[in-house]
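In terms of my numbering, the sequence shown is numbered consecutively and its last residue is 481.
Reading through the structure tokens given below for one structure.
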Amino acid sequence: MSDDICYLSAAAMAEAYAKGTLSPVEVTRALLVRIGRVNPKVNAYNLVDEEAALRDAEASLARYRAGQPLSPIDGVPASIKDIILTKGWPTLRGSKSVDASQPWNDDAPATARLREAGCVLLGKTTTPEFGWKGVTDSPLTGITRNPWNLDTTPGGSSGGASAQVAAGLGPLAIGTDGGGSIRIPAGFAGITGLKPSFGRVPAWPLSPFGTVAHLGPMTRSVEDAALMLRELARPDARDWFSLPWEDVDYTAKLSAGIKGLKIAYSPTLGFARVDVEVAARVKEAVRVLADLGAIIEEVDPDIGDPTDCFHTHWWTGAYNALKALPEKHFADLDPGLQETFRRGSAIGMAQYLDAVAARGKLGATMRAFHETYALLVTPSLAVPAFEAGRLAPKAMGDAYWTAWTPFTYPFNLSQQPALSVPCGFTSGGLPVGLQFVGPMHRDDLVLQAGAAYQAATDWHNKRPPV
């Protein structure tokens with residue numbers, strides 16, 4: 016029964032709290048027991064604060080008894096990716112170069128919003144060093160593993176968060192996404208992950224990777240992501256890029272369906288090579304969308320291959336993040352991050368400005384595309400999860416991580432909302448993800464479409480064998 020409690024949705028937990036049939040303390044205790052049993056296998060958390068979590072849970076229980084919950088997710092357990100500041104806990108960013116003994120006196124906006132919503136904060140989730148790659152292993156915390164197959168990666172850079180949610184170690188997690196780092200692990204671990212429109216969730220400090228970087232919810236269901244987004248999107252003056260506050264209930268249209276919506280289906284974006292089983296599962300999911308009444312057209316947006324454009328932004332971001340790092344720490348960095356830094360250091364101003372112009376062209380192309388199509392649907396990833404501890408599948412040799420995730424980073428460049436939901440499994444039992452991409456600022460629409468798909472399928476309710 017305790018494992019069943021751990022797999023309840025945030026919405027179901029809050030409903031049970033309000034009825035008095037379950038308490039935040041019971042849920043938190045069950046999760047802490049399961050974390051103690053399962054986390055050593057998956058390495059999702061690098062910090063768990065049992066005392067603080069139980070203190071949060073007791074405070075939430077008192078509010079429910081008084082009939083005064085702070086939000087629709089009061090008392091629901093959540094985690095913070097260890098790249099996001101959290102008062103009282105070190106934020107080590109997967110790196111030996113960060114001094115854990117320094118004062119930790121600040122909450123980032125996302126952390127602060129979850130505290131204000133009354134969430135039970137369980138701990139920090141693992142990340143590759145400074146979030147630089149699409150898998151999760153680091154010199155500091157080692158390898159994080161996929162609950163569906165412990166030999167494989169749960170993706171990254173929010174791989175600790177995806178492993179947590181998939182393994183029933185907490186229903187809510189905050190991830191970051193600078194090139195797919197929410198949607199990659201959501202796809203590999205069979206959960207729901209939303210990269211909101213840029214600026215929808217305030218960020219502070221701003222990412223050294225610049226304006227490709229987003230924050231967003233990672234959950235098992237679209238409904239939970241919508242509940243979480245409403246709280247995360249509340250304003251914070253520390254982020255001067257943040258969007259104006261809109262009092263939007265992202266759950267309001269989750270049952271509206273997609274009948275009559277004109278949706279573009281792009282199996283390859285015009286340039287990607289996709290695993291046969293991944294392509295088949297996504298094609299089956301698109302048929303479900305058509306059965307739900309969507310008007311599906313198979314068409315590629317005319318964006319070309321934006322890999323070089325993204326690499327220029329990403330590599331210069333890595334250089335910017337590490338250029339002041341003392342030499343004595345540089346040798347301790349992940350070797351792949353060292354190489355990324357060197358690549359960034361070789362990029363000149365003219366090349367960078369060319370990439371800025373190419374990014375603008377891509378963004379404009381996508382805005383025009385969405386004048387015709389309400390949504391774009393693609394695979395979340397080109398491959399299923401591969402061997403943990405590698406940067407790319409063996410068949411790709413020494414390829415950079417972007418080689419196998421061509422469907423994610425284009426929409427960091429364009430800053431659009433994009434949602435990954437599970438849509439089936441390979442013959443080897445590994446999850447496959449379906450991505451919904453929406454027009455800028457239409458986070459509500461991608462959630463509406465994802466919810467319609469989940470109402471017609473059951474993939475998001477599947478549990479891994481771990």
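From the three backbone atoms N, C-alpha and C, an ideal C-beta is built for every residue, glycine too.
Option in the options with minimal Cα separation from residue i
| i | options | result |
| --- | --- | --- |
| alanine 26 | Pro92, Tyr415, Asp166 and Thr159 | Pro92 |
| valine 237 | Gln450, His456 and Lys274 | Gln450 |
| glycine 453 | Pro446, Val447 and Ser429 | Ser429 |
| methionine 243 | His475, Asp18, Ser24 and Pro479 | Ser24 |
| aspartate 89 | Met411, Ile99, Lys96 and Ala72 | Ala72 |
| proline 124 | Ala248, Phe203, Arg235 and Asn476 | Ala248 |
| alanine 418 | Met381, Val42, Val150 and Val461 | Val150 |
| lysine 274 | Leu307, Ile206 and Val263 | Leu307 |
| arginine 52 | Asp473, Thr159 and Gly183 | Gly183 |
| isoleucine 98 | Thr43, Ser257, Thr126 and Met381 | Thr126 |
| alanine 59 | Ala68, Glu66 and Arg49 | Arg49 |
| aspartate 349 | Gly332, Ser110, Gly359 and Gly195 | Ser110 |
| alanine 287 | Ser257, Ala309, Thr322 and Glu312 | Thr322 |
| aspartate 254 | Ala228, Pro220 and Ala267 | Pro220 |
Under the three-state DSSP convention, the category residue i falls into
| i | result |
| --- | --- |
| leucine 449 | strand |
| cysteine 134 | coil |
| tyrosine 22 | coil |
| glycine 439 | strand |
| threonine 156 | coil |
| glycine 351 | helix |
| proline 55 | helix |
| isoleucine 189 | strand |
| serine 17 | helix |
| glutamate 402 | strand |
| asparagine 161 | strand |
| lysine 102 | coil |
| lysine 96 | strand |
| threonine 167 | strand |
| lysine 111 | coil |
| leucine 69 | helix |
Enclosing beta strand (DSSP E) for residue i [first to last residue]
| i | result |
| --- | --- |
| tyrosine 280 | 277-280 |
| threonine 393 | 390-394 |
Host alpha helix (DSSP H) of residue i (start-end)
| i | result |
| --- | --- |
| glutamate 313 | Glutamate 313 -> not in any alpha helix (DSSP H); beta strand (DSSP E) instead, spanning 310-313. |
| leucine 484 | With the chain represented from 16 up to 481, any question about residue 484 goes unanswered, as that position is not in the structure. |
| proline 87 | Note, proline 87: premise wrong, no alpha helix (DSSP H); not H, not E. |
| proline 425 | 425-428 |
| phenylalanine 384 | 364-384 |
| histidine 328 | 322-337 |
| lysine 274 | Neither: lysine 274 is in no alpha helix (DSSP H) and is coded neither H nor E. |
| phenylalanine 345 | 342-345 |
| leucine 304 | 291-306 |
| glycine 175 | 174-181 |
| tyrosine 468 | 458-471 |
8 Å contact criterion, which residue i and residue j should meet: CB distance rounded
| i | j | result |
| --- | --- | --- |
| proline 290 | proline 399 | The amino acid occupying residue 290 in the given sequence is aspartate; proline does not appear at that position. Aspartate 290 to proline 399, Cβ: 6 Å. Contact. |
| glycine 231 | lysine 96 | At roughly 11 Å, the Cβ-Cβ gap does not stay under 8 Å, so glycine 231 and lysine 96 are not in contact. |
| alanine 204 | glycine 175 | Not quite, the Cβ-Cβ distance comes to about 10 Å (not below 8 Å), so this is no contact. |
| arginine 382 | cysteine 324 | In fact, because the Cβ distance is near 17 Å, the residues do not count as touching under 8 Å. |
| glycine 193 | asparagine 427 | 6 Å |
| alanine 414 | alanine 407 | 4 Å |
| isoleucine 278 | tyrosine 388 | 6 Å |
Segments of 4+ residues assigned as alpha helix (DSSP H) that fall wholly inside the segment 192-251: Here the runs fully enclosed are 198-204 and 237-247.
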